[in-house]
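Written below as structure tokens is the structure these notes are about.
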Amino acid sequence: MKKKLISLMLVSAMAAAMAGCGSSVPANSVNSKDDLPGKTIGVQLGTTGDEDATTYEKENGSTVERYNKGVDAIQALKAGKIDCVVIDQQPAEKFVEKNDDLKILSDTFDPEEYAICIAKDNTELTDSFNKAIEELQKDGTIDSIISNYIGDEAGQHPYETPEGTEYPNGTLTMATNAQFEPYEYYDGDNVVGIDADISKAICDKLGYELKIEDMEFDAIITAVSSGKADFGAAGMTVTEDRLKNINFTDTYATACQVIVVRKK
3 MKKKLISLML VSAMAAAMAG CGSSVPANSV NSKDDLPGKT IGVQLGTTGD EDATTYEKEN
63 GSTVERYNKG VDAIQALKAG KIDCVVIDQQ PAEKFVEKND DLKILSDTFD PEEYAICIAK
123 DNTELTDSFN KAIEELQKDG TIDSIISNYI GDEAGQHPYE TPEGTEYPNG TLTMATNAQF
183 EPYEYYDGDN VVGIDADISK AICDKLGYEL KIEDMEFDAI ITAVSSGKAD FGAAGMTVTE
243 DRLKNINFTD TYATACQVIV VRKK
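Adding 2 to a residue's 1-based position in the sequence shown gives its number in the working numbering.
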């Protein structure tokens with residue numbers, strides 16, 4: 003009887019310990035943008051989400067935790083270290099698909115435009131890219147690429163280099179941060195995604211081979227302006243601050259920032 007009693011006590015203690023561990027993640031307290039003041043917000047360093055959250059940090063007493071990768075912010079949210087994550091809509095949707103304990107709030111931030119960054123002194127390349135983007139928009143290539151990653155037709159429109167394409171002009175290096183699905187991410191050892199395919203289509207049209215270099219997001223503009231890379235494509239929003247240091251092509255996609263929270 004004594005052994006049974008001891009066993010029951012041990013089981014009860016273990017159950018209590020497990021319950022205690024489960025309760026270490028606080029209940030969700032962010033249900034709209036109105037709840038952001040005073041909260042701890044997770045963002046990817048140097049992104050538009052970082053800029054939006056910084057406004058709450060400066061004006062509303064929020065705390066902003068900055069991570070090199072969006073996935074690190076998501077893991078911190080799941081662990082209860084932060085209250086929410088502010089991040090681009092399409093990557094947010096991918097994170098929520100893979101984490102059924104998370105959700106996206108209906109509140110969004112202002113719409114934003116994605117473009118490719120090119121060094122200020124390389125106006126010739128900017129002009130060439132703009133012409134290629136215009137042609138790829140008119141012939142439906144860019145819409146087809148985007149629909150291959152987003153929406154009901156995902157996977158049905160893989161980009162293929164036109165037959166007979168030649169590369170007499172050498173190679174262009176694209177700087178990116180391959181942690182931003184569906185815009186850029188790894189499939190095995192290869193960087194794939196919307197930006198990779200659009201950049202490939204542009205390079206095919208201009209007669210360049212494409213080389214992709216993966217790096218931290220906040221290093222991309224420096225890499226391009228210093229000549230380490232020829233251009234940067236990483237779901238990058240055109241902002242006044244960025245325009246001080248880099249030029250941008252015409253817009254090829256639009257998006258917005260959303261808020262990811264725990265379901266419970």
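Backbone N, C-alpha and C fix where the C-beta goes; we use that ideal spot for every residue, glycine too.
Look at leucine 212 here: in three-state DSSP terms it is strand. Pairing valine 98 with leucine 107 gives a Cβ-Cβ distance that is not under 8 Å. Inter-residue distance for glutamate 215 and cysteine 205 is about 15 Å (C-alpha atoms, whole angstroms).
Bridge partners of threonine 50 according to DSSP: none are assigned. The residues Ile147 and Tyr161, in chain order, have a CB closer than 7 Å to that of aspartate 199 in the same chain once the five nearest residues on each side in sequence are set aside. When DSSP states are grouped into helix, strand and coil, asparagine 249 belongs to the strand group. Within the same chain, Val66 come within 8 Å of threonine 56 by CB-CB distance, once the 5 residues on both sides are set aside. The beta carbons of alanine 117 and methionine 217 sit no closer together than 8 Å. In the DSSP annotation of this structure, the continuous segment of the alpha helix (DSSP H) that includes glutamine 77 starts and ends at 72-80. Three or more Cβ pairs closer than 8 Å define a contact, and the segment 81-94 meets that threshold against the segment 246-262.
Distance from the CA of histidine 159 to the CA of threonine 143, rounded to the nearest whole angstrom, comes to 10 Å. DSSP, read as helix, strand or coil, puts asparagine 150 in coil.
A distance of 8 Å or more separates the beta carbons of aspartate 243 and leucine 47. Annotation: the continuous beta strand (DSSP E) that includes glutamine 259 extends over 259-264. Separation of lysine 133 and threonine 125 (C-alpha to C-alpha, rounded to the nearest whole angstrom) is 12 Å. For alanine 134, the enclosing alpha helix (DSSP H) begins and ends at 125-140. The C-alpha of glutamate 155 lies about 15 Å from the C-alpha of glycine 195.
Taking valine 32 as the centre and dropping the five residues before and after it, the same chain places the C-beta of Leu38, Lys41, Asp85, Cys86, Leu107, Ile261 and Val263 closer than 8 Å to its C-beta, in chain order. If you draw a straight line from the Cα of alanine 29 to the Cα of lysine 96, it comes to about 23 Å. Under a 10 Å Cβ-count criterion, proline 113 is classified as exposed, with fewer than 16 other Cβ atoms of the shown protein chains found around its own Cβ.
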